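Residue numbers (the numbering used here): 2 to 289. Before any comments, here is the structure.
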């Protein structure tokens, strides 16, 4: 209990059925995944339960998730809980109390800055959020909405299941091989295909970052071209305050995905100049 791991659940063909955070809790594993793939994840796991004393239960309606990110996130959570947080490795977790509510604090390293996700009973979400926001304000922060989160997410290249990759992609296409795939453990679903790509071949497309000209970010699904040929599609795009211009993630053909490659993106009937840039799109801020 207390341990955690980021992982990809693959099909027999090696495609990503869902990306998960697997948390070890007392006599159970708690799996966190996107709502868009939760039914598929549960059905896949159910299919491989034969004689084991294991049950898969969807508890989405019972659990709320609050996010607290930034250099002083741990300080704010500690203030709300009235107790210091231990040092937590990525995806590891600890249980604290905020008032009378039991809250599981999970280290969430996705945004290139310190961050935590808080899991708690859904009926207590408003009360805990208010207490956490008060602690955040004392630490000099504030609450933000989805647009701000999305901007930081894309700048940090936090690829999102259902947006930047899905069940049509191999893990290597979404750059998951370093964080969500093992090449040393024993047999798992899809291992043969995933390992063959790693050791003997390559994928034909891969998630890449784009720096764009103009003011407005292109819509998701916008065509990316090299000359007259389509080489990919935009998966996420935002206007980056750090760069003062739009940035995007795009699934590109391998030959078009090298940093420095000049491309165009079709947006509102015009072609925006774009350049493939190294990831992350914005370097992480230095630690406070």
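Yeah, the Cβ is synthetic: ideal placement off N, Cα and C, and Gly gets one too. Bear in mind that the values here come from a model prediction, so they are computed numbers and not experimental data.
In this structure, the alpha-carbon of residue 81 lies about 37 Å from that of residue 236. Here residue 31 is bridged, per DSSP, to 24. Across the structure, residue 185 and residue 21 are spaced so that their CA atoms are roughly 19 Å apart. Collapsing the DSSP output to three states places residue 259 in coil. Comparing C-alpha distances from residue 161 to each of 69, 19 and 15 shows the shortest one belongs to 19. Following the DSSP letters along the chain, one finds residue 156 inside the alpha helix (DSSP H) bounded by residues 147-156. By the Cβ-count criterion, residue 173 is buried, with 16 or more other Cβ atoms from all chains shown falling within 10 Å of its own Cβ.
CA-to-CA, the gap between residue 70 and residue 93 works out to about 16 Å. Within the segment 160-206, complete alpha helix (DSSP H) segments of at least 4 residues are found at 192-201, given in chain order.
Minimum Cα-Cα distance from residue 277 among the listed residues 110, 215, 259 and 6 corresponds to 259. In the structure shown, the three-state DSSP call for residue 227 is strand. Per DSSP, reduced to three states, the secondary structure at residue 221 is coil, with no helix or strand assignment. Here the alpha carbons of residue 251 and residue 283 stand approximately 16 Å from one another.
Straight-line spacing of the CA atoms in residue 25 and residue 264 works out to 44 Å.
Contact between residue 42 and residue 10 holds, since their C-beta atoms are separated by about 6 Å, short of 8 Å.
Secondary structure note for residue 41: it is in no beta strand (DSSP E), and the uninterrupted alpha helix (DSSP H) holding it is 39-48. For residue 51, the secondary structure class from DSSP, reduced to helix, strand or coil, is coil.
Going by DSSP, residue 96 is part of the beta strand (DSSP E) stretching over 94-99. Distances from the alpha-carbon of residue 40 to those of 189, 57, 234 and 90 put 57 closest.
Look at residue 244 here: in three-state DSSP terms it is coil, with no helix or strand label. In this structure, the beta-carbon distance from residue 97 to residue 107 does not fall below 8 Å. By the Cβ-count criterion, residue 83 is exposed, with fewer than 16 other Cβ atoms from all chains shown falling within 10 Å of its own Cβ. C-alpha of residue 281 to C-alpha of residue 73: approximately 22 Å in a straight line. Three or more pairs of CB atoms, one per stretch, sit closer than 8 Å, so the segment 58-69 contacts the segment 106-122.
Looking at the DSSP output, residue 6 bridges to 23. The continuous alpha helix (DSSP H) containing residue 126 extends over residues 126-139. Residue burial is scored here from C-beta neighbours: residue 272 has fewer than 16 other C-beta atoms within 10 angstroms and is therefore classed as exposed.
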